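In what follows, a single structure is set out as structure tokens and then discussed.
Protein chains: 2
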Amino acid sequence: MQKLTVIGLGPGAGLDLTLRAREAIESSDLIVGYTAYIALIRDAFPHKEMVSTGMKKEVDRCRLAVEAAVSGKTTAVVCSGDSGIYGMAGLIYEVAQDYPPIDIEVVPGITAACGGAAVLGAPLTHDFAVISLSDLLTPWEKIERRLRAAAEADFVICLYNPRSRSRADMLRRACDILLAAKGGDTPCGYVKNIGREGQTSVVLSLSQLRDCEDVDMFTTVFIGNEQTKLLNGKLVTPRGYLQREE
Amino acid sequence: MQKLTVIGLGPGAGLDLTLRAREAIESSDLIVGYTAYIALIRDAFPHKEMVSTGMKKEVDRCRLAVEAAVSGKTTAVVCSGDSGIYGMAGLIYEVAQDYPPIDIEVVPGITAACGGAAVLGAPLTHDFAVISLSDLLTPWEKIERRLRAAAEADFVICLYNPRSRSRADMLRRACDILLAAKGGDTPCGYVKNIGREGQTSVVLSLSQLRDCEDVDMFTTVFIGNEQTKLLNGKLVTPRGYLQREE
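One line per chain: the protein sequences are A and B, in this order. Take the position in the first sequence, starting the count at 1, then add 5; the result is the number in my numbering. Take the position in the second sequence, starting the count at 1, then add 5; the result is the number in my numbering.
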């Protein structure tokens with residue numbers, strides 16, 4: 006059967022690429038992806054046919070890939086981070102419903118939650134919630150409900166798409182919701198451009214995060230739970246092994 | 006400065022290993038890990054010195070690794086999945102407080118949430134919560150609170166450590182909490198032995214999951230949100246791209 010693979014490239018498509026992802030790219034005839042992600046792998050696979058499409062062209066991109074696979078080309082769709090977490094895997098399954106059956110495989114990648122946590126220390130060593138602050142596809146009321154629930158149940162929280170030019174105040178609004186249940190001194194952190202040129206990370210309090218103007222769409226934000234603390238500048242949520250021994 | 010790396014091996018330590026993880030193992034003098042994880046990489050790195058310790062020996066294992074690094078050996082601690090999600094990264098930072106300063110690096114890996122989701126389809130394409138059902142280190146009341154909050158705020162839910170011999174009824178108790186907020190026909194799935202020999206996956210309803218005896222500690226469980234559906238046997242949570250176009 007015709008084959009379509011949806012590949013997660015990890016944060017920077019470099020050292021965090023898995024062997025499975027690399028092999029899947031190498032065994033594909035055509036690679037399809039968002040312009041910025043194709044740029045990340047262009048030089049590493051110079052002889053591959055690649056097609057890139059722009060932002061907000063997700064449906065077109067997936068149709069193009071499915072149609073290529075149906076027509077007989079072994080095709081791969083590449084995504085930044087993991088292909089399943091806010092990635093194209095779901096849309097590929099949906100779009101493929103309109104075409105003759107093809108064999109779809111999802112190849113996971115290192116998502117920004119894991120990649121960013123590794124830079125900051127170990128904030129996700131306990132139960133956590135991942136929430137996107139983008140309201141392009143989700144009503145803001147639902148995002149607020151999730152923020153409130155995650156704060157009240159003491160999850161560590163990881164925010165994707167925390168702030169964009171057109172939604173400059175969303176991080177502040179999100180922090181205000183979290184501050185209703187969490188202390189202003191709750192340890193937080195963020196990482197920009199994970200695994201890419203210009204990677205930077207900052208550790209700060211929830212109150213400081215609320216007023217932070219430095220966060221953008223290429224940033225992943227982490228908000229600690231009641232146990233999270235700073236150890237030599239690293240953000241760490243103890244799992245409880247040491248505390249059990251005391 | 007002496008170097009200690011905490012490495013996530015991905016689900017099976019095979020094709021899902023990243024290039025960064027492989028290089029970190031190769032550049033270490035000593036590899037430390039839980040017996041079952043050392044066994045996964047023993048054959049791939051035949052000339053490396055490796056030390057394994059048993060279950061519930063997490064603190065001893067981390068002390069051994071930190072002491073080796075302090076003594077001058079470039080040391081790596083290996084974890085299944087990601088090193089930061091219920092992995093050893095947090096404990097390494099805690100234990101290292103008792104010793105002279107060393108350079109600690111966390112190398113992320115594909116966690117079971119991403120690896121299992123890829124097998125089932127694309128259940129995590131929207132906001133999700135990750136919860137461990139093990140009450141060895143977390144009071145059961147707190148786990149219940151998190152389950153309730155995640156269900157009420159319509160997160161997709163991913164369960165780690167869902168059931169063990171000594172806690173045979175915890176998955177059932179967790180499902181009962183979820184069923185108070187979610188329909189019994191909510192699409193769910195689980196994957197056993199992700200990326201390893203004997204990998205199996207099952208798609209079923211939340212009611213069926215409640216009474217499922219097949220789930221064990223090597224299983225990762227996924228519970229859909231209100232949008233999650235089955236497409237040709239795959240568990241998919243639409244992100245909303247297609248729905249926006251309608």
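Ideal Cβ positions, reconstructed from N, Cα and C, are used throughout, including at glycine. Predicted, not measured: the structure shown is a model, and the values here were computed from it.
8 Å Cβ cutoff, residue i in contact with chain B
{"i": "A/Cys84", "result": "no"}
{"i": "A/Gln102", "result": "yes"}
{"i": "A/Ile115", "result": "yes"}
{"i": "A/Pro243", "result": "yes"}
{"i": "A/Ala49", "result": "no"}
{"i": "A/Ile98", "result": "First, the residue type needs correcting, since residue 98 of chain A is Tyr and not Ile in the sequence shown. By this cut-off, A/Tyr98 is an interface position."}
{"i": "A/Leu9", "result": "no"}
{"i": "A/Leu247", "result": "yes"}
{"i": "A/Phe160", "result": "yes"}
{"i": "A/Ala179", "result": "no"}
{"i": "A/Gly38", "result": "no"}
{"i": "A/Cys119", "result": "yes"}
{"i": "A/Ala94", "result": "yes"}
{"i": "A/Leu142", "result": "yes"}
Reduced DSSP secondary structure (H/G/I, E/B, other) of residue i
{"i": "B/Cys119", "result": "helix"}
{"i": "B/Cys67", "result": "helix"}
{"i": "B/Leu164", "result": "strand"}
{"i": "B/Tyr195", "result": "strand"}
{"i": "B/Glu231", "result": "coil"}
{"i": "A/Arg252", "result": "Within the shown structure, residues of chain A are numbered from 6 to 251, placing residue 252 of chain A beyond reach of any answer."}
{"i": "A/Val220", "result": "coil"}
{"i": "A/Ala18", "result": "coil"}
{"i": "B/Leu138", "result": "coil"}
{"i": "A/Leu35", "result": "strand"}
Host beta strand (DSSP E) of residue i (start-end)
{"i": "B/Lys239", "result": "Lys239 to Val241"}
{"i": "A/Ile12", "result": "Lys8 to Gly13"}
{"i": "A/Leu236", "result": "Lys234 to Leu236"}
{"i": "A/Ser210", "result": "Thr205 to Ser210"}
{"i": "A/Ala29", "result": "That residue, A/Ala29, is in no beta strand (DSSP E); its alpha helix (DSSP H) goes Leu24 to Glu31."}
{"i": "B/Met55", "result": "Glu54 to Thr58"}
{"i": "A/Thr80", "result": "Thr80 to Cys84"}
Residue range of the unbroken alpha helix (DSSP H) whose run includes residue i
{"i": "B/Ile182", "result": "Met175 to Leu184"}
{"i": "B/Thr40", "result": "Thr40 to Arg47"}
{"i": "B/Ile90", "result": "Segment: none, B/Ile90 is in no alpha helix (DSSP H) and carries neither H nor E."}
{"i": "B/Glu110", "result": "Not the alpha helix (DSSP H): B/Glu110 falls in the beta strand (DSSP E), residues Asp108 to Val112."}
{"i": "B/Glu149", "result": "Trp145 to Glu157"}
Interface partners of residue i on chain A, CB under 8 Å
{"i": "B/Tyr91", "result": "Thr130, His131 and Arg244"}
{"i": "B/Asp21", "result": "Thr23, Leu24, Arg25 and Pro113"}
{"i": "B/Ile107", "result": "Under the 8 Å cutoff, chain A gives no residues; its nearest Cβ is about 10 Å from B/Ile107."}
{"i": "B/Leu138", "result": "Simply none; closest approach about 10 Å."}
Any chain A beta carbon closer than 8 Å to residue i
{"i": "B/Val220", "result": "no"}
{"i": "B/Glu54", "result": "no"}
{"i": "B/Gly15", "result": "yes"}
{"i": "B/Asp151", "result": "Residue identity check: residue 151 of chain B is Arg in the sequence provided, not Asp. At least one chain A Cβ lies under 8 Å of B/Arg151."}
{"i": "B/Gly126", "result": "yes"}
{"i": "B/Glu146", "result": "no"}
{"i": "B/Ala155", "result": "yes"}
{"i": "B/Ala123", "result": "yes"}
{"i": "B/Leu1", "result": "With chain B covering 6 to 251 only, the question about residue 1 of chain B has no answer from this structure."}
{"i": "B/Leu183", "result": "no"}
Under 7 Å by beta carbon: chain A residues contacting residue i
{"i": "B/Val135", "result": "Asp132 and Phe133"}
Interface partners of residue i on chain B, CB under 9 Å
{"i": "A/Thr224", "result": "Here the premise fails: no neighbours, minimum Cβ distance about 17 Å."}
{"i": "A/Leu164", "result": "Within chain B, no residue comes near A/Leu164; the closest Cβ sits about 10 Å away, beyond 9 Å."}
Within chain B, the residues that residue i reaches when beta carbons sit closer than 7 Å
{"i": "A/Asp87", "result": "Cys119"}
Report task. Can you give me, in chain order, the residues of the segment 185 to 206 of chain A that have a beta carbon less than 8 Å from any beta carbon in chain B? Result -> none
Report task. Using a Cβ-Cβ cut-off of less than 7 Å, list which residues of the segment 57 to 84 of chain B approach chain A; keep chain order. Result -> Glu63 and Val64
Query - Near-chain B residues of the segment 230 to 241 of chain A - C-beta to any C-beta below 7 Å - result: Leu236, Lys239 and Val241
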